[in-house]
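One structure below.
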Amino acid sequence: MLSEAQTSFSLATTNTQTSIETTIRSLDAVALSWNSRLVAFSQRLDTIWEETFDRKLALDQAIDDMRGRISQTDAQLELQLEATRKLQTISSETSVSIERANSQLQSASNMLSQELETLASVTQELQTNVTRLPYLMFKFNSAWLPGIFSPLSSIWNGLQSSPWQARLVMNVVGVGASGIQSSLSALFTLGCALLFVMTHAFRYVSYLLSLLFRTSKEKRPPQSQNR
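Per this note's numbering: the sequence shown = residues -4 to 222.
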């Protein structure tokens, strides 16, 4: 009976050892399986981490690029604002110069109209003098011959005329010279009128040329502002 008990105990021990070994083998297989799974998971985590790191670097690069674009956009906006301010300044200066030129042209036009009125009056007076010129020109009159040659004949005969005859000769010669004097006066008046007209015309032309030159110079923008 003892031997049966020992046999059953040894059989149970053998079965237990077999089951333990089987359990150990199964546990080793499970451990190997979990170890391989852990290695695969670790590799996957490493891959995910590398992908995440690459994505983070790409995102940082994109953010830096966006910041650079924003700074460039800000600089361009500043340049555009500065150009707009310069354009407004140039526009205001141009409008002021145009208004000044318009006022100068208006004053010049008024002055020119006044001078043209004066010139018209002078021209009318000149035309009147020209129409009167044939009547004022020296005309030979045969009635002057006795008055001119009679004193000459008296002087040629001996210069023996009395004082009242000398006064008469002077009166006669004066009558003859009055026509010449009036003709010379008319010619002098005509010359003065022509000189007046030419002087004023030259002054108007020079004034208009200087005004146009100054206006064109004010309207021309500087090269630095155009650039």
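Don't be surprised by glycine CBs; every beta carbon is placed ideally from N, CA and C.
Linking residue 21 to residue 35 through their CA atoms gives a straight-line distance of about 21 Å.
With a cutoff of 9 Å on beta-carbon distance, residue 206 and residue 111 are scored as not near each other. Between the beta-carbon of residue 103 and that of residue 203 there is about 7 Å, and that keeps the pair under the 8 Å contact cut. The segment -4 to 70 contains no complete beta strand (DSSP E) run of 3 or more residues. Residue 26 and residue 56 have their C-alpha atoms roughly 44 Å apart. Setting aside the 5 residues that flank it on each side, residue 199 is surrounded in the same chain by 107, 110, each with a C-beta closer than 7 Å to its C-beta; the list follows chain order. The C-alpha of residue 54 lies about 15 Å from the C-alpha of residue 44.
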